[in-house]
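Asker: Using this note's numbering, the first residue of the sequence shown is number 6, and each one after it goes up by one. We put the beta carbon where it would ideally sit given N, CA and C, even for glycine. Keep in mind it's a predicted model, so treat the numbers as computed, not measured. The structure follows.
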Amino acid sequence: MNSDYILEVLINYGLAGIVVYIFYKLISNDLRDVRESIDKLRNTIEELIKAIYRSNTRG
């Protein structure tokens with residue numbers, strides 16, 4: 006995002022346009038990362054639960 010683009014958006018849409026644009030960019034990128042982290046964490050928890058279950062049923 007360069008300063009000319011920011012200035013153009015600010016002139017055309019005001020400060021609210023800048024805030025919405027930045028919020029959208031943050032959410033779209035951050036949510037993808039958060040979703041991937043949650044998926045990895047869920048998989049790890051499932052593996053741990055399976056390992057605990059297996060160790061409890063063996064002996």
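Could you compute how far the alpha carbon of R22 sits from the alpha carbon of R37?
Answerer: On the sequence shown, residue 22 is found 17 positions in, with the first residue counted as 1. On the sequence shown, residue 37 is found 32 positions in, with the first residue counted as 1. Just to set this straight, residue 22 is Gly in the shown sequence, not Arg. Going by the C-alpha atoms only, they are around 23 Å apart.
Asker: Taking 8 Å as the threshold (C-beta atoms), are V39 and Y26 in contact?
Answerer: In the sequence shown, counting from the first residue as 1, residue 26 sits at position 21. In the sequence shown, counting from the first residue as 1, residue 39 sits at position 34. No.
Asker: How big is the Cα-Cα spacing for D9 and N34?
Answerer: In the sequence shown, counting from the first residue as 1, residue 9 sits at position 4. In the sequence shown, counting from the first residue as 1, residue 34 sits at position 29. The alpha-carbon atoms of D9 and N34 are separated by roughly 22 Å.
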